[in-house]
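Chains as they are written, first to last, in this note's numbering: chain A, -6 to 417; chain B, 174 to 383. See structure below.
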């Protein structure tokens, strides 16, 4: 027979005391776990979505807003910028820029953002198709896996977009329906929540509000325009369908390499142009450090709750020890050594801590499970409630340490049990 | 065999209590009598190794028990001394048979369920083996205490006022059980009591406080 079994039986013998200790301890542990998991998952999501972008260019405003909107699609755009002002960055022969990907934003469907871009965008998130094909023509869209599962759109389905992120009928672009031509595989990045189309689609929706041209006409007009554009200087710099008079929202930039030129580029843009340039990594680190204060504060509070609930283990064991003084003395008369009694009580503390940890972790994951939909509804970010992180194992060690420390004084008292005084 | 020599004990602020020398052969029975406060329980605790005497020696089967370390004495007691207390103490969270099994385990033996069942049957409480001690009557609890004292086949059984809480019938039954079981297991038996009802059962009697 194992001593741990006797410890467990002792705990189960006082179910009310055990339940109270477990509720308190699991509450603390659950809160710590919740903070750890949320922090980890949000950090991972943000890092995944950096997508190797070195610089982001958009309208003047908050650099953090520019990054959040341009890369993470979770804030309003800072405004639009004329394409002609950034066309120099889109030169394929640019000495330091490897890729410049334009994004036209502002419309949505059922809260999911529509991104007008080019075919350089999907590889940023290693996006591949699960069915259908990539868009070829204006008004054709490829949807992310989350959108497919949430909206139940299929290949060949059509829909109309809303202006902004609203879903009301008044702001709908009824004149210009989109057609779904492809569905992406899950990327575990923001691409899962995006509707991708060509930039022309966005312009078409906004420039011809009353009469949208059929897809065939758009292709013809694009071809005609191509002929006229031959004389213009920009023809080799930007694709022929992107016209300088058009606006875009942001330009995502990947550098060929990092050097002094690339380091100065951001400052030059910010000081000498009407544009704004921001480094995503810096802005996100800034955001994390700001968020981190909140996270740290809540996590600290959760640890304090865990320690205070550790006190409940101590009180529970200490009280039970007073009641069991004679029982412990009896064990000594039965041959149990002082060290055995120490182990018995220490195991009781560890068991409460372990059970509290298990209940706390389950509670934290259940809270995430039930809160995931709300988070998704608000931010279109899917939290995985059943993803376990390494920190949870570290939390187990922390919980056991609290249990052991809480049991230490009662265990020492058990060790020092005076049989002669306890048994009359 | 139990031998005591020049044993005395001094409580703080009180006069020293001197106990008579005692020699008890294996399988012998002895009743230690005395009024309340003369030190009967103190003497029994000294014999059991629960209370170190101020002076003197206790030798059980050629072992001076107070020469053991604290842990060594606990272990020796678990193996060789069976104790029955005035109040029946148990580990309350576990069943009667588990209490007996732990008595074996704490003394370094593997739980022997055959032995446990045999004892519980002899003491006629086998039907309660899976019950918690608190669910038994006082008489049943006292029988269970005797079973626990015997489970490791001790060489000496020490009983402290085992009948004080019992009515006449139960008192006689408990004393007979203790004598029978000690005889069956070849153990010496020492009972300390102020209960005059059990005098008649013992030839060898020592009166304390005279």
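Don't be surprised by glycine CBs; every beta carbon is placed ideally from N, CA and C.
- Under the 9 Å criterion on CB atoms, residue 293 (chain B) is classed as non-interfacial with respect to chain A.
- DSSP, reduced to helix, strand and coil, places residue 248 (chain A) within a strand of the structure shown.
- Inter-segment contact for the stretch 328 to 346 of chain B and the stretch 293 to 313 of chain B is present: three or more beta-carbon pairs are separated by less than 8 Å.
- Contact check for residue 107 (chain A) against residue 141 (chain A) fails: the beta carbons are separated by 9 Å or more.
- Rounded to whole angstroms, the separation of the alpha carbons of residue 69 (chain A) and residue 250 (chain A) is 30 Å.
- Between residue 354 (chain B) and residue 295 (chain B), the CB-CB gap stays under 9 Å.
- Each residue's CA atom was taken as its position, placing residue 266 (chain B) and residue 305 (chain A) some 21 Å apart.
- Cβ-Cβ distances below 6 Å link residue 52 (chain A) to 71, 72 and 74 in the same chain, with the five nearest sequence neighbours on each side left out; the list follows chain order.
- A residue is called buried when at least 16 other Cβ atoms come within 10 angstroms of its Cβ; residue 271 (chain B) meets this threshold and is buried.
- When Cβ pairs closer than 8 Å are counted between the two stretches, the stretch 129 to 137 of chain A is seen to touch the stretch 191 to 200 of chain A, the count reaching three or more.
- Of the residues assessed, residue 337 (chain B) falls on the exposed side of the cut-off, its CB having fewer than 16 other CB atoms within 10 angstroms.
- Residue 117 (chain A) and residue 364 (chain A) have their C-alpha atoms some 29 Å from each other.
- Cβ contact annotation for residue 189 (chain B) (same chain, cutoff 6 Å, sequence separation greater than five): 181 and 183, in chain order.
- Listed along chain B are 243, 244 and 247, each with a C-beta nearer than 8 Å to that of residue 331 (chain A).
- Look at residue 320 (chain B): its C-beta is not under 9 Å from any C-beta on chain A.
- Residue 153 (chain A) is bridged by DSSP to nothing; it lacks a bridge partner.
- Rounded to the nearest angstrom, the Cβ distance from residue 91 (chain A) to residue 247 (chain A) is 5 Å, consistent with a contact under 8 Å.
- Taking a Cβ-Cβ cut-off of 7 Å, the neighbours of residue 319 (chain A) in chain B comprise 262, given in sequence order.
- Across the set B:194, B:368, B:256 and B:276, the C-alpha of B:256 shows the shortest separation from the C-alpha of residue 351 (chain B).
- If you draw a 10 Å sphere on the C-beta of residue 383 (chain A), you find fewer than 16 other C-beta atoms in it, and that means exposed.
- The Cβ atoms of residue 59 (chain A) and residue 266 (chain A) do not sit closer than 9 Å to each other.
- Between residue 31 (chain A) and residue 280 (chain A), the C-beta gap is not smaller than 9 Å, which leaves the two residues out of contact.
- Between residue 325 (chain A) and chain B, the shortest Cβ-Cβ separation is below 9 Å.
- Residue state for residue 322 (chain A) is assigned as helix, using DSSP reduced to three classes.
- No Cβ-Cβ contact shorter than 9 Å links residue 318 (chain B) with residue 360 (chain B).
- Taken atom to atom, the span from the alpha-carbon of residue 282 (chain B) to that of residue 321 (chain B) is near 14 Å.
- Counting along the chain, residue 58 (chain A) sits inside the alpha helix (DSSP H) bounded by residues 56 to 60.
- Taken through DSSP and simplified to helix, strand or coil, residue 183 (chain B) comes out as strand.
- The Cβ of residue 267 (chain B) sits closer than 9 Å to at least one Cβ of chain A.
- Against chain B, a Cβ distance below 7 Å from residue 2 (chain A) picks out 266 and 267.
- Around residue 165 (chain A), the same chain offers 153, 154, 155 and 156 as residues with beta carbons nearer than 8 Å, after the five sequence neighbours per side are excluded.
- Within the stretch 198 to 230 of chain B, those residues whose Cβ lies closer than 8 Å to any Cβ of chain A are, in chain order, 214, 218, 221, 223 and 224.
- Within the stretch 344 to 363 of chain B, contact with chain A at the beta-carbon level (separation under 9 Å) is assigned to no residue.
- Contact check for residue 273 (chain A) and residue 43 (chain A): beta-carbon distance about 6 Å, within the 8 Å limit, so the pair qualifies.
- Closest option to residue 199 (chain A), judged by alpha-carbon separation, among A:417, A:170 and A:48: A:170.
- When DSSP states are grouped into helix, strand and coil, residue 408 (chain A) belongs to the helix group.
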